[in-house]
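First up is the structure itself, then whatever we jot down about it.
2 protein chains.
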Amino acid sequence: MEWIVRVNTKTGRVVKEKASREEMRWGGRLLISKFLLREVPPTCDPLGRYNKLIVAPGLLGGSPVTTTGKFSIGGKSPLTRGVKESDVGGEAGSRIAALGIKAVVLEELPDRPVTSVLRIAADGSGLIDMPELKGKWVSETIRLLRERFGDSPGIICIGPAGEMKMGGAGIAVSGPQDVQVRYAARGGLGAVMGSKGVKAIVVDDSAAPPISVFDEKLLREAGKALVQGIMADPKTENRHKYGTPAVLTLCNEIGILPTRNFSAGSFERADEICGDRIADLIAERGGEGRSGTPCVRGCVISCSNVFPNASGKKTVASIQYENIALLGSNCGIGSIDDIAELDDLCNQVGVDAIETGAAIGVAMEAGVIAFGDAEGAKDLVRQIGCGTWMGRIIGNGVVVTGKVLGVRRVPAIKGQAIAAYDPRALKGNGVTYVTSPMGADHTAGNALETVRTINPLGIENQVESSRKLQIRAAILDTMGLCLFTRPPFTKNPDLFLPLLKGRYGWDWTYADVQKMGLDVLDTEREFNRRSGAGEEFNDMPEFMREEPLPPMNSVYDVTMEEMQRIWEVEIPENVF
Amino acid sequence: MEWIVRVNTKTGRVVKEKASREEMRWGGRLLISKFLLREVPPTCDPLGRYNKLIVAPGLLGGSPVTTTGKFSIGGKSPLTRGVKESDVGGEAGSRIAALGIKAVVLEELPDRPVTSVLRIAADGSGLIDMPELKGKWVSETIRLLRERFGDSPGIICIGPAGEMKMGGAGIAVSGPQDVQVRYAARGGLGAVMGSKGVKAIVVDDSAAPPISVFDEKLLREAGKALVQGIMADPKTENRHKYGTPAVLTLCNEIGILPTRNFSAGSFERADEICGDRIADLIAERGGEGRSGTPCVRGCVISCSNVFPNASGKKTVASIQYENIALLGSNCGIGSIDDIAELDDLCNQVGVDAIETGAAIGVAMEAGVIAFGDAEGAKDLVRQIGCGTWMGRIIGNGVVVTGKVLGVRRVPAIKGQAIAAYDPRALKGNGVTYVTSPMGADHTAGNALETVRTINPLGIENQVESSRKLQIRAAILDTMGLCLFTRPPFTKNPDLFLPLLKGRYGWDWTYADVQKMGLDVLDTEREFNRRSGAGEEFNDMPEFMREEPLPPMNSVYDVTMEEMQRIWEVEIPENVF
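These protein sequence lines are chains G and L, in that order. Heads up: the first sequence at position 394 corresponds to 375 in our numbering, and the numbers run straight through without jumps. Heads up: the second sequence at position 65 corresponds to 46 in our numbering, and the numbers run straight through without jumps.
Right, here's the structure in full:
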């Protein structure tokens, strides 16, 4: 990967630049942070001409190493006003990498409203006007793009929410055979894409020459070791069978499952929406239903699923923990079929299910509809797609929804909805939510894995632990590796070295890898410091410091001073 | 004035504390900044329990000195997230001061939704439940309060917008004989009052003993000199005859009159909405119409008016420049009768006409209604009062409206609508909008008076001038003096000294007065620095740096670096 493709959405000009020596060292999340700090004025309007939407495979993108089809999409977030990187599976990332492209950068704004498609291919790239896609839902958009561009390209697109520049809009990516719809969901990046007038990016790598790697044998062997390490870990089988919903039962037990707008941490109908139940239903109903499907080609974990309705027809693919929690228990909805429909509706209109579930929870608290009203919730998501006033309110996320409806209990930090782990009973996640440059994401340094070693209700060690977890996440997001590849690196962090040597010929030590992770966080933090999105201004919502969360009845009591200590804690030589 | 009245809206407890020696030196805007910095966590939720609503007469409040019935209301702003002081006329300020009260502080939040009235009187103060006021428009609220509390008390209240905690909500104050409705309009303080469950504050000073002043004769003589100075200034007669609308023609001529969502600086129907025209109509129509009425008892300027409809019945009192510009030309509405109705509707539902006019302008740009559609605009304001979804969007101000409706051209700085002087052709106001701790207010350091001495289209001297103007405003807002009393102080700044000596016995020099003004700005700026509302994060909206403003065809081109220089410029010994 050695090209940067810059797309001027005002002039339509597409320029392919050779990556500099420095840029060659960047990938995924690191590349996004470096580009943003270098090129985007930190106080600019996130939906204005100075913001950029950056699509970047990780360093191992396009290689045969498992999970590295995952890639990063980033920009200045309309929600947090700070840096945002959202990583995502699907088919497009490996195709961009296969074309030798390190980053696609959407710049400027069109002068008038347009609905254009960026086609990227070996024979040249350009913007194509496709007004017929205007307002189309995501699956319909993909279908229409297939008609024109065929079955092979990877597709990145937005739904009507992104076109309407809603703060809750995400960016969809087509999965293998278009069964899965994957999402770079968080932070409102769909609105940034919408502001550029780009409805979709079609990535056609059919004529791409094979990528040359420094040492193919070394890379393949390291990739094999990685796979072996992943397969040897007991968590992998569980993930394969039950996917991310596997953690719901644990979250419910330890009392961190967002329930009825974060007013409780366990849900009386958890049994109906947990991983076992979903796997059983999939097996029982047959038809199009599948457990253990991949989100990127060649993933050995394959933690996704295809959730079918009672007749065996696909409702949504994939249904995941975060979405079940926010659209389900957080809205008092306990029917997994209703949740799956809601999730699919979010995918179709093009919004982050986390942000939207949180916003619906707040709307329920305001009395717009009642907790548990699944049909009402579906109607609200459909309204997002239609752009009704209420739809626009919800579609702009939980903070706007809370403001407009006059609700004080708004589960958000730095303008963005809190992920599906109530920080009152998992305090490590609270530290990550407040201090991570990404804000309240579930992938920025998730402390769920620490609940057996660190008391989740206690303050002790949470800051040190979050620091470690955040660096880990930054490394994996830069490599283009899924967070679930972590186990082998925990056993042997030097496994990174043959991967990088094999791919690029770099003679790195593990210390270099870790330095790269720190570089990500430092760069992101600097951007946020300049943009006004610094962590010192964004504490936990007040209600979480005041209202004890049943059943653990704990409040969030890690002080800002304690959390700010995170920048001074000693970092272990090995964070894995 | 020596008492601080603290009202705990959670427990209902009202405590009257003696002001400390330090607090005795504070009044109005200075007191608000000091209390906020001392007592309110800068990053707190503006509508949460840690914010406080502070009502404070100026240092000369309650004295016989002209215009000192004006007083300050403040708190952390739901719009700017920073400090907000909004000063206002009407009857309540002098009554609070007459009761010997330096400040009324509303603290905490009620546990459940309530509609309460705070009665403040010499025989004791307390919260009274008055559910019958729930949702009532402002004039009806005042009428119902008169039924219960009589004609004499001063009344401070909110409309339904404040009760619904809308970011555009202001706080109304009853004028003499309830003819005028005055507004502490800016920054969303009505929402802060609404969050505390306080619908109104009734100030009954009937049993108050006379205030003792240090040297009554000296105070009276200084007051007389002030009045003479005001009357001798040629601007005063103009203000008396035409009020603030007098400036509309000038603003139109120099091309700074907000027109059609700040897309032009002059309006083809300016002649129909200017000061002359309004005065003529008032004279012509007779009936309840009046020019030259006071907003506080004893004001010798009396720049307010009562604007009647064609049958001579009051439509609104008072109609002012800012409101005409934002609700009129900015919405493409050129009928003064329509604008007066719109203005009254804003007063009735309880929103800032500036914020709301700007929000309607953005809604018009989004196509919700057409520019010029006066009936549509009235309907939108009525919808604010009813709390429809669209009403809640508009009622939350221009930034929320822009976000929800996906509009990029949003005339706001730091979350708050820009006042009625387009900064592209009056660059001094741009400097004030960006650097003032208050954000884009018209009273924080208005450069309109400099257009004959400083080129409004040029950059030169704007920063130095804004610095001076901002200090002046801070001094007058702390004294409790109207900005229009400035002329005599310009001639003789030492006129402050006998006023302060006569009232308090302080042996100050003018340098002390100026130090006090600087103290206001420094204190406010420190609060903003800690809250994340620092001026470095809040530049001019991008479209104002890009789109030339007809007819002057200038863009805003004062750089952030140039504006930030304001904190280092040399301050003249006398800013008046």
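Ideal Cβ placement from N, Cα and C applies to all residues, glycine included. All values derive from a computational prediction rather than experimental measurement.
Query: Contacts of L:GLY148 in chain G (Cβ-Cβ under 8 Å); Result: LYS384
Query: Selection from L:LEU41, L:THR47, L:ASN473 and L:ARG10 that minimises the alpha carbon distance to L:ILE35; Result: L:ARG10
Query: Interface residues of chain G facing L:TRP370 [CB-CB closer than 7 Å]; Result: TRP370, MET371 and ILE374
Query: CA-to-CA distance, L:PRO479 to L:PRO45, given in whole angstroms; Result: 14 Å
Query: Neighbour list for L:THR24 in chain G, Cβ cutoff strictly below 9 Å; Result: GLU517, PHE518, ASN519, ASP520 and MET541
Query: Minimum Cβ-Cβ distance from L:ARG389 to chain G less than 8 Å; Result: yes
Query: G:PRO134 versus L:THR369: straight-line alpha-carbon distance, rounded; Result: 45 Å
Query: Coarse secondary structure for G:ALA181, derived from DSSP in three states; Result: strand
Query: Length of the line joining the Cα atoms of G:ALA334 and G:SER417; Result: 21 Å
Query: Rounded C-alpha distance that separates L:LEU457 from G:ILE320; Result: 59 Å
Query: Residue-level contact to chain G via CB, L:VAL330, 8 Å cutoff; Result: no
Query: Beta-carbon spacing of L:LYS408, L:GLN451 below 8 Å; Result: no
Query: Supposed contact pair G:GLU72 and G:SER187 - C-beta distance, whole angstroms, cut 8 Å; Result: Wrong, their Cβ atoms sit about 13 Å apart, outside the cutoff.
Query: Residue interval of the alpha helix (DSSP H) (run including G:ASN286); Result: Segment 285 to 289 is the beta strand (DSSP E) holding G:ASN286; no alpha helix (DSSP H) there.
Query: Below-8 Å beta-carbon distance, G:GLY29 vs any chain L residue; Result: yes
Query: Coil, strand or helix - L:CYS367 by DSSP; Result: helix
Query: Residues of its chain near G:SER446, where Cβ-Cβ distance is below 7 Å and the 5 sequence neighbours each way are ignored; Result: GLY409, ALA428, THR431 and ILE435
Query: Beta strand (DSSP E) segment containing L:PRO141, residue limits; Result: Not the beta strand (DSSP E): L:PRO141 falls in the alpha helix (DSSP H), residues 141 to 144.
Query: Cβ of L:MET145 within 8 Å of any chain G Cβ; Result: yes
Query: C-beta contact flag for L:ARG167 and L:SER75 at 8 Å; Result: no
Query: Burial state of L:ARG448, where buried means 16 or more other Cβ atoms lie within 10 Å; Result: buried
Query: Spatial neighbours of L:TRP118 in its chain, beta-carbon cut-off 8 Å, leaving aside the 5 residues before and after; Result: GLY140, PRO141, GLN329, VAL330, GLY331 and GLY366
Query: Paired residues, beta bridge with L:LEU87 - DSSP; Result: L:VAL(-12) and L:LEU34
Query: G:LEU80, DSSP secondary structure in three states; Result: coil
Query: Beta-carbon neighbours of L:SER512, restricted to chain G and to distances below 9 Å; Result: PHE518
Query: Beta-carbon contacts of G:ARG30 that lie in its chain and below 6 Å, excluding the five residues immediately before and after; Result: GLU89 and LEU90
Query: Chain G contact for L:ASN615 (CB, 8 Å cutoff); Result: With chain L covering only -18 through 557, there is no way to say anything about residue 615 of chain L.
Query: Alpha-carbon spacing of G:ILE182 relative to G:GLY8, whole angstroms; Result: 19 Å
Query: DSSP state of G:ARG546 mapped onto helix, strand, coil; Result: helix
Query: Short CB-CB distance (under 8 Å) between L:VAL381 and chain G; Result: yes
Query: Buried or exposed (CB count within 10 angstroms, at least 16 for buried), G:PRO112; Result: exposed
Query: Same chain, Cβ closer than 6 Å to G:GLY315, neighbours up to 5 away in sequence not counted; Result: ARG250 and GLU253
Query: First and last residue of the uninterrupted alpha helix (DSSP H) at G:CYS138; Result: First-last for G:CYS138: 135 to 138, but that is the beta strand (DSSP E), not the alpha helix (DSSP H).
Query: The alpha helix (DSSP H) enclosing L:LYS496, as first and last residue numbers; Result: 491 to 512
Query: Cβ separation of G:GLY293 and G:ARG271, assumed to be a contact under 8 Å, to the nearest whole Å; Result: Not really, about 11 Å apart at Cβ, beyond 8 Å.
Query: Other residues of its chain near G:LEU229: CB distance less than 8 Å, five sequence neighbours each side excluded; Result: LEU238, ALA251, ILE254, CYS255, GLY256, TYR302, ILE305 and ALA306
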